[in-house]
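S.K.: Take the sequence shown: its letter number 9 is residue 16 in my numbering, and every next letter is one higher. Structure below; questions to follow.
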Amino acid sequence: MKWLLCINNKDYPASLEVMKLYKQLDDPTAEQLGMVRIIDESGEDYLYANSLFIQVPAVFGNHIDIALSV
8 MKWLLCINNK
18 DYPASLEVMK
28 LYKQLDDPTA
38 EQLGMVRIID
48 ESGEDYLYAN
58 SLFIQVPAVF
68 GNHIDIALSV
């Protein structure tokens, strides 16, 4: 699973929290458009600009998955 760290919540302060990790849902069409699909603070999945996030390196993402599965 891919994890993203929110680095900017401009225009979305109620939906995104800066410095919070979000799961990236698989959406190849969105990725082609420079967007990412995540489950935001509303509990629903939405598209956001890729520039609002940085991708967490896979090695850390694996540790996050393991920690959350306990």
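Here a beta-carbon is modelled for each residue, glycine too, at the ideal position from N, C-alpha and C. What you are looking at is a predicted structure, and each value in this text was computed from that prediction instead of being measured.
#1: By the DSSP assignment, the beta strand (DSSP E) with Ile46 in it spans what residues?
#2: Over what stretch of residues does the beta strand (DSSP E) that includes Asp52 continue unbroken?
#3: Determine which residues share a DSSP beta bridge with Tyr19 and list them.
#4: If we ignore side chains and look at the alpha-carbon of each, how far apart do Trp10 and Ser49 end up?
#5: Where does Ile71 fall in DSSP's three states?
#6: Could you give the first and the last residue of the continuous beta strand (DSSP E) run that contains Ile61?
#7: Assign Val3 to one of two classes, buried (16 or more other C-beta atoms within 10 Å of its C-beta) or exposed (fewer than that).
M.R.: Quick answer:
#1: In the sequence shown, residue 46 corresponds to position 39, counting from 1. Looking at the DSSP string, the run of the beta strand (DSSP E) that includes Ile46 is Met42 to Ile46.
#2: Here residue 52 refers to the residue found at position 45 when the sequence shown is read from its first residue. That run of the beta strand (DSSP E) goes Asp52 to Ala56.
#3: Against the sequence shown, residue 19 aligns to sequence position 12. For Tyr19, which the question treats as bridged, DSSP gives no partner whatsoever.
#4: Mapped onto the sequence shown, residue 10 falls at position 3. Mapped onto the sequence shown, residue 49 falls at position 42. Cα to Cα, Trp10 sits roughly 18 Å from Ser49.
#5: The residue you call residue 71 lines up with position 64 of the sequence shown. Note: Ile71 maps to helix in three-state DSSP.
#6: Position 54 of the sequence shown, counted from the start, is the residue given in the question as residue 61. Here the beta strand (DSSP E) through Ile61 covers Phe60 to Gln62.
#7: With the chain covering 8 to 77 only, the question about residue 3 has no answer from this structure.
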